[in-house]
Structure formats: structure tokens, C-alpha cells
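One structure below.
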Amino acid sequence: GRIMYAQDSEHRPVVLKLLRNNGPEHRVFKIILDKQASYPMKRIPGIVPILDLIPFGGHWLAVMPRFVDLQWNNLLVNHVPNDHRLPAQSSVRNEMQKSRTIDYAWFDFGYSVLLPKMTPLESVKLHWRAAYFGTWERPPDVAQGEYEYNPFAYDVGSVGRILCVEFQV
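Our numbering applies: residue 38 is where the sequence shown begins, and numbers increase by one.
Pasting the structure below:
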């Protein structure tokens with residue numbers, strides 16, 4: 038999704054993301070905003086926290102802290118380097134990784150599928166074509182002629198492929 042950089046009233050860097058009113062992504066962001074309050078750090082691990090949802094001319098603006106895009110299609114990190122080096126070469130980022138104060142998080146839920154609350158996850162199947170929307174490292178699960186697939190297993194496989202490509206030695 039498209040984002041804009043801004044500052045809040047306390048001059049902190051934030052990101053604004055335009056959401057279609059009552060679209061799937063807007064509904065997911067509302068769920069995240071409601072649920073994150075019950076977590077110890079007031080955020081869901083692995084998801085960029087939603088600071089606010091502001092109505093805006095028939096749409097909504099999601100306000101989030103500024104994270105930097107790591108080029109894994111929608112994976113962000115909470116470190117914005119202030120020097121000329123590439124983020125991965127930053128000594129500050131290296132120290133944040135060592136001290137475990139760096140956060141990696143997803144922020145784009147444009148292809149989300151919202152299910153009723155009591156849906157058994159093992160019963161969820163999607164048409165194979167849906168696997169190609171919003172994915173980055175595609176496991177070959179749907180290339181074997183199956184008409185339906187389990188989106189949860191597919192997402193785990195996709196993340197596993199990212200981890201292997203980026204971190205396996």
C-alpha cells in the first residue's frame with residue numbers, strides 16, 4: 038500500500054496510510070487497534086502498531102510509527118538510519134540487533150481475508166489463484182495442480198522461504 042511520511046504533534050516521525058472505508062484492510066486495522074491494547078507493550082509482536090485511525094473524506098488514515106521498508110514487500114524495521122550508509126551496514130542497527138531492541142514488523146494487509154471468529158483454521162481453503170495476491174517468496178504448494186490451499190500453511194511457507202533466502206548461510 039501507499040504511505041506518506043509525516044510528524045505527529047510531538048514531532049515524532051509517523052507514517053500515514055490511506056484505507057478505503059470499510060474495506061478489508063480497514064477492517065483488519067480496526068481489529069489490530071482493538072487487540073493491541075491487551076498486549077504488554079501495547080502492540081502485537083511482528084505487526085507495526087496502529088497509533089490511530091482518522092476519518093478522512095470517505096476513507097481512513099492509519100497512523101503508525103515510522104519504520105523503514107526492508108524490501109521484502111511489506112516488512113518494515115523500526116530503525117531509520119541518519120547517515121549515508123545502507124541500513125544493513127549501520128552500526129546503530131547492529132547494536133539494536135545485539136540488544137534485541139530492533140523490531141521487524143508487517144504493515145500491509147490489503148489482501149486480507151476476514152473469517153468469522155469461530156472458524157476452525159484447518160477448515161479454511163482458498164482457490165489456488167488467491168495464493169498469488171500479496172505474496173513475495175512463493176512456495177511451490179499451489180503449482181502442483183491443487184485447486185484449493187490452506188492460506189495459513191502457505192503463509193508459514195512464504196515466511197520460511199524469506200528467512201532461508203535472507204539468513205541461511
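Don't be surprised by glycine CBs; every beta carbon is placed ideally from N, CA and C.
query                                                                                                                                                      : result
Tell me whether A142 sits in a helix, a strand or coil according to DSSP, three-state version.                                                             : strand
With distances taken from CA atoms, which of A168, K135, A142 and L88 is nearest V150?                                                                     : A168
Taking only the alpha-carbon atoms, compute the straight-line gap between V114 and M78 and give it to the nearest angstrom.                                : 17 Å
Does DSSP classify R57 as helix, strand or coil?                                                                                                           : strand
If you draw a straight line from the alpha carbon of V202 to that of S195, how long is it in whole angstroms?                                              : 11 Å
Does the beta-carbon of K54 have 16 or more other beta-carbons within 10 angstroms, so that it is buried, or is it exposed?                                : buried
Is it the case that the Cβ atoms of R103 and P50 are separated by a distance below 8 Å?                                                                    : yes
Classify Y76 as helix, strand or coil using the three-state DSSP reduction.                                                                                : coil
Can you give me the Cβ contacts of D89 inside the same chain, cut-off strictly under 7 Å, excluding the 5 residues immediately before and after it?        : V100
Would I91 and L98 qualify as a contact pair, given that the criterion is a beta-carbon distance under 8 Å?                                                 : yes
By how many angstroms is the C-alpha of F189 removed from the C-alpha of V161?                                                                             : 8 Å
Report all residues from its chain with a CB closer than 8 Å to the CB of N159; omit the five preceding and five following residues, and keep chain order. : Note that residue 159 is Glu in the sequence shown here, rather than Asn. Cβ neighbours of E159 beyond the five flanking positions: N187.
In three-state terms, what does DSSP make of V100?                                                                                                         : strand
Straight-line CA distance for V129 to P157?                                                                                                                : 43 Å
So the candidates are L163, Q44, R39 and V179; which of them puts its Cα closest to the Cα of E62?                                                         : R39
Using a Cβ-Cβ distance cut-off of 8 Å, determine whether W97 contacts chain D.                                                                             : This model lacks chain D altogether; it includes just one protein chain.
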